[in-house]
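In mature numbering (1 follows the signal peptide of the UniProt record, and there is no 0), the protein residues as written are -21 to -1, 1 to 167.
Below, the structure written as structure tokens:
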């Protein structure tokens, strides 16, 4: 196989890997903060959403315009905290909405299936509309709520992303130069 074809395939593979990492990052949540309570009405939700400015924050992350980040206030997967997060809207089917700290995503909480008694919530709804289903918030015992701010964790993640954004192109360039030196060094 020609060295030029190999170099081209390696570069294409590296480019695809870099773009995949960026798009995966844009599907995760950010600006995650533990709070004592979540909005109980559309008016409160709108007020908190304006304060949080998720769409403005998302534009600073260079995410695609097709990914719209919305304000969410949801329980966590351990049912011991409420979290405000900026996240892409998801369709939730038959469960309460949760923020999963490990995966850094908003999703349906599999152990909190909606029903006619408790917790009451729609068979299908948009993840940011969790304020409409107050029973889901009642899954968090108020005596167990702990104050945890993951804002500093997000700053660390953001700085790691910035470092990656600098070092990945440098590494690609160095590898490309090494490959070219090896390929053209053999010909002379």
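Just so it is clear, CB atoms sit at the ideal spot from N, CA and C, and this is done for glycine as well.
Would you mind sorting residue i into buried or exposed? The rule is 16 or more other CB atoms within 10 Å of its CB.
{"i": "residue 56", "result": "buried"}
{"i": "residue 63", "result": "buried"}
{"i": "residue 85", "result": "buried"}
{"i": "residue 18", "result": "buried"}
With the cut-off set at 8 angstroms, would you say residue i and residue j are in Cβ contact?
{"i": "residue 11", "j": "residue 54", "result": "no"}
{"i": "residue 96", "j": "residue 88", "result": "no"}
{"i": "residue 39", "j": "residue 66", "result": "no"}
{"i": "residue 112", "j": "residue 61", "result": "no"}
{"i": "residue 109", "j": "residue 52", "result": "yes"}
Can you name the start and end residues of the alpha helix (DSSP H) that residue i belongs to?
{"i": "residue 113", "result": "113 to 116"}
State the Cα-Cα distance for the pair residue i and residue j, rounded to the nearest angstrom.
{"i": "residue 14", "j": "residue 161", "result": "56 angstroms"}
{"i": "residue 25", "j": "residue 71", "result": "20 angstroms"}
{"i": "residue 106", "j": "residue 99", "result": "15 angstroms"}
{"i": "residue 103", "j": "residue 22", "result": "22 angstroms"}
{"i": "residue 164", "j": "residue 145", "result": "29 angstroms"}
Check for me: the beta strand (DSSP E) holding residue i runs from which residue to which?
{"i": "residue 90", "result": "84 to 92"}
{"i": "residue 76", "result": "74 to 79"}
{"i": "residue 105", "result": "103 to 105"}
{"i": "residue 9", "result": "9 to 14"}
Legend entry - Complete runs of the alpha helix (DSSP H) confined to the stretch 30 to 61 [at least 4 residues]: Complete alpha helix (DSSP H) runs here, min 4: 33 to 39.
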